[in-house]
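Asks: So the sequence shown is residues 14 to 337, counted in our numbering.
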Amino acid sequence: MSLVMQTDGLALIVNLDDLTIAAVSEPLGALLDPGRHNDPLGARVYDYMSHRPSGGLDMIARGAIDGYEAGNALRLTGRPPQPIRGWMRAIGDERPWRYALMVLRLEPDRHEGSLPEPAAPEAPMVLGVCDGSLTITHVTADIGTLCGQPAHELIGTQLLSLFSQETVPSALWVMAQALQTRAGATGVAAVSRPGSPPVPVDFMVCGALHPAPDFGFALMPSADPLLRLPQGQQAMRSVARADRAVALYRRFPEMTIDRTLMSRMTFRELEIASLLLRGRRVPAIAAALHLSQSTVRNHLSSTFAKAGVHSQAGLIEALRRPSR
Numbered sequence: 014m015s016l017v018m019q020t021d022g023l024a025l026i027v028n029l030d031d032l033t034i035a036a037v038s039e040p041l042g043a044l045l046d047p048g049r050h051n052d053p054l055g056a057r058v059y060d061y062m063s064h065r066p067s068g069g070l071d072m073i074a075r076g077a078i079d080g081y082e083a084g085n086a087l088r089l090t091g092r093p094p095q096p097i098r099g100w101m102r103a104i105g106d107e108r109p110w111r112y113a114l115m116v117l118r119l120e121p122d123r124h125e126g127s128l129p130e131p132a133a134p135e136a137p138m139v140l141g142v143c144d145g146s147l148t149i150t151h152v153t154a155d156i157g158t159l160c161g162q163p164a165h166e167l168i169g170t171q172l173l174s175l176f177s178q179e180t181v182p183s184a185l186w187v188m189a190q191a192l193q194t195r196a197g198a199t200g201v202a203a204v205s206r207p208g209s210p211p212v213p214v215d216f217m218v219c220g221a222l223h224p225a226p227d228f229g230f231a232l233m234p235s236a237d238p239l240l241r242l243p244q245g246q247q248a249m250r251s252v253a254r255a256d257r258a259v260a261l262y263r264r265f266p267e268m269t270i271d272r273t274l275m276s277r278m279t280f281r282e283l284e285i286a287s288l289l290l291r292g293r294r295v296p297a298i299a300a301a302l303h304l305s306q307s308t309v310r311n312h313l314s315s316t317f318a319k320a321g322v323h324s325q326a327g328l329i330e331a332l333r334r335p336s337r
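(1) Label G99 either buried or exposed according to how many other C-beta atoms from any shown protein chain fall within 10 Å of its C-beta, with 16 as the threshold for buried.
(2) In chain order, what residues of the same chain have a beta carbon less than 6 angstroms from the beta carbon of P163, not counting five sequence neighbours either side?
(3) Using DSSP's beta-bridge definition, name the partner residues of G321.
(4) Apart from the five residues just before and just after G69, which ones in its own chain have a Cβ nearer than 8 angstroms to its Cβ?
(5) Which residue wins for smallest C-alpha separation from S209, given the options C160, C219, S235 and A191?
(6) Would you mind stating whether V152 and M188 have Cβ atoms separated by less than 8 angstroms?
(7) Give me the Cα-Cα distance between H192 and E179, rounded to the nearest whole angstrom.
(8) Would you identify the three-state DSSP class for L147, choosing helix, strand or coil?
(9) Quick check on DSSP: helix, strand or coil for I168?
(10) What did DSSP end up calling I78 once you bin it into helix, strand or coil?
(11) When the Cα of L147 is compared with those of L173, V139, L140 and L167, which residue comes out closest?
(12) With H, G and I counted as helix, E and B as strand and the rest as coil, what does DSSP make of Q95?
(13) Below 8 angstroms between beta carbons: does that hold for L32 and L117?
(14) By how many angstroms is the C-alpha of L232 removed from the C-alpha of A113?
(15) Within a Cβ cutoff of 8 angstroms, which residues of the same chain sit near G126, ignoring the five residues on either side of it in sequence?
(16) Please go through the same chain and pick out, in chain order, the residues whose beta-carbon is closer than 6 angstroms to the beta-carbon of P66, but skip the five residues on each side of it.
(17) Could you check whether I298 and L289 sit closer than 8 angstroms to each other, using their CB atoms as the reference points?
(18) Does the Cβ of H312 have 16 or more other Cβ atoms within 10 Å, making it buried, or fewer, making it exposed?
(19) State buried or exposed for S276, treating a residue as buried only when at least 16 other CB atoms are found within 10 Å of its CB.
(20) Starting from S209, follow its DSSP beta bridges and name the residues at the other end.
(21) Under the assumption that V201 contacts F176 (Cβ atoms under 8 angstroms), give the Cβ distance between them as a whole number of angstroms.
(22) What does V214 pair with, by DSSP beta-bridge criteria?
(23) Can you tell me whether DSSP reads N311 as helix, strand or coil?
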């Protein structure tokens, strides 16, 4: 596998067998080899990095994870190290995975640290819970933007009824993978919308809640399938949003939230409330989610109204799961 990727972004494909570069986009190739003297194809990817490897690519190769984010710095000829942020994700249908997509973005004014989702208009993200019969028991309000129906009308309906007929097999495949591996799984599907074309989405099964067989799911708008080649923006957003969904889902068992309240809350409001429940305050929440403090406070004010409380303490009391 030796090629130049046709994308305007800084992207490359890594051979997981030996961590060598199997493909590189033209812009990144020009950055790594400005004089066209030392072709990066076949070179070890970490030969171009200033910091020690995180071990994430090894974990992808073992099948422990399918993607992650990390900070590093590029080593460039005749220039100081260039800080970068990157998203890595396994690609291909082979198991174990043989290749991973690595998408990089230059960070001239940032130090390494937690990597935010790339700036973009806020797209709806949906988090929900199904029971063993695939009936939706909880879902966030964002589902209305995707499906054209309010969340409370979708509670009690079948999860598969959300998808267009053509993509139901894809959704079933994702659920089968999650059942087989007892871990999260992602795939591409499309959500039906009355009177409009289906909306392409990344469909994710987050894993089982307790007690089983309840499981969490997430829906994240994606690019048209024809644009799902290794495009930098799309790949980065998909990985970053999937990480957000899994992180929130893992906090879900700590909360007690009735389906009516959850159907009124957006994904972002639930995300902020879950961090508040963990003892975070507004400055820490803002830093963790890469938001301004005023934005966090606005989301909290909206959540107070939906929960019928007037303070952070009241919201914590409303959401805290009783000890058993």
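The C-beta atom is built at its ideal place from N, Cα and C for all residues, glycine as well.
Replies: Checking against the coordinates, here is how it stands:
(1) buried
(2) Only residues of its own chain outside the window of five on either side were considered, and among them G157 have a CB closer than 6 angstroms to the CB of P163, listed in chain order.
(3) Paired residue(s): none; G321 is not in a bridge.
(4) The residues I78, Y81, A83 and M101, in chain order, have a CB closer than 8 angstroms to that of G69 in the same chain once the five nearest residues on each side in sequence are set aside.
(5) C160
(6) A distance of 8 angstroms or more separates the beta carbons of V152 and M188.
(7) Reading the sequence as shown, one finds Leu at residue 192 and not His. Cα-Cα distance, rounded: 22 angstroms.
(8) coil
(9) The answer is coil: DSSP assigns I168 none of H, G, I, E or B.
(10) Reduced to three states, the DSSP call for I78 is coil.
(11) L173
(12) strand
(13) no
(14) 23 angstroms
(15) With a pLDDT of 36 at G126, under the threshold of 50, the predicted position of this residue should be treated as unreliable, and no value is reported.
(16) Excluding positions up to five away in sequence, the list reads Y59.
(17) yes
(18) buried
(19) buried
(20) When beta bridges are read from the DSSP output, S209 appears opposite R206.
(21) Actually they do not touch by this definition, with Cβ atoms about 11 angstroms apart.
(22) V214 is bridged to A202 and P234.
(23) helix
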